[in-house]
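Inspection log for the structure reproduced underneath, given as structure tokens.
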Amino acid sequence: MRLVLLGPPGAGKGTQAQRLVARHGIVQLSTGDMLRAAVAAGTPVGLKAKAVMESGGLVSDDIVIGIISERIEAPDARNGFILDGFPRTVAQAEALDRLLAEKGLKLDAVIELVVDQEKLVGRILNRAAEAQAKGEPVRKDDDPEVFKARLDAYNRDTAVVSPYYSARGQLKQIDGMKPIDEVTRAIDGILAEAA
1319 MRLVLLGPPG
1329 AGKGTQAQRL
1339 VARHGIVQLS
1349 TGDMLRAAVA
1359 AGTPVGLKAK
1369 AVMESGGLVS
1379 DDIVIGIISE
1389 RIEAPDARNG
1399 FILDGFPRTV
1409 AQAEALDRLL
1419 AEKGLKLDAV
1429 IELVVDQEKL
1439 VGRILNRAAE
1449 AQAKGEPVRK
1459 DDDPEVFKAR
1469 LDAYNRDTAV
1479 VSPYYSARGQ
1489 LKQIDGMKPI
1499 DEVTRAIDGI
1509 LAEAA
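Its first residue numbered 1319, the sequence shown is counted upward by one per residue in the working numbering.
This is the structure in structure tokens:
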């Protein structure tokens, strides 16, 4: 099972990805985690990424795709994977399509969690208050100003990925404002259809 989860920050992609990992024995792939792991392992692509990162530059799409290519070959990704936070641009989506085609693979589903962005800010404030009440640290991402900046960046740069997959007939949308268990059931329904 190979999935892409789309949606703005705070939509619940991470929560749903964790549930999918637990139920289906697949791995969640975060490009940031993969970059750090490739650099630490000293892989050829990791060494390229390290040089770019040390010079303060942004890692190119080619390097990110190279790291994804290496990572999906790992034994724990044999049953499949969830890409969360990638692709972030149409160019990355096209590169991912080419990569999978070269490996004789395809995406089983592209699922977008559709949310009311104004209500998301309230959700984030709530999450921060709950963490404080439990005596837990508040995530940097849960700071309202940081969150709004991330949301603006998503709307400016990443929201264009949904129409790309929609035009290809691959996009399935779910109401991400529903309770977590209902969202999980909706995702399960889409995956059952794709199987």
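C-beta atoms are modelled at their ideal positions from N, C-alpha and C, and glycine is treated no differently.
- Per DSSP, Asp1506 lies in no beta strand (DSSP E) segment; the continuous alpha helix (DSSP H) that holds it begins and ends at 1498-1512.
- For Gly1328, the number of other beta carbons within 10 angstroms of its own is at least 16, and it is reported as buried.
- Leu1489 is the residue among Met1495, Ala1477, Leu1489, Lys1366 whose C-alpha sits nearest the C-alpha of Ile1508.
- Take Lys1424, set aside five residues on each side of it, and the residues of its chain with a beta-carbon closer than 8 Å to its own are Arg1320, Leu1418, in chain order.
- Counting the other CB atoms within 10 Å of its CB gives Arg1341 a total below 16, which places it among the exposed residues.
- The three-state reading of DSSP puts Glu1391 in coil, since its state is none of H, G, I, E or B.
- Secondary structure at Ala1427: strand, using DSSP grouped into helix, strand and coil.
- Between the beta-carbon of Ala1355 and that of Asp1379 there is about 18 Å, and that puts the pair past the 8 Å contact cut.
- With a contact defined as Cβ atoms closer than 8 Å, Ala1335 and Asp1426 miss out at about 14 Å.
- Spatial neighbours of Ile1390 in its own chain (CB-CB distance under 7 Å, excluding positions within 5 residues in sequence) are listed in chain order as Phe1399.
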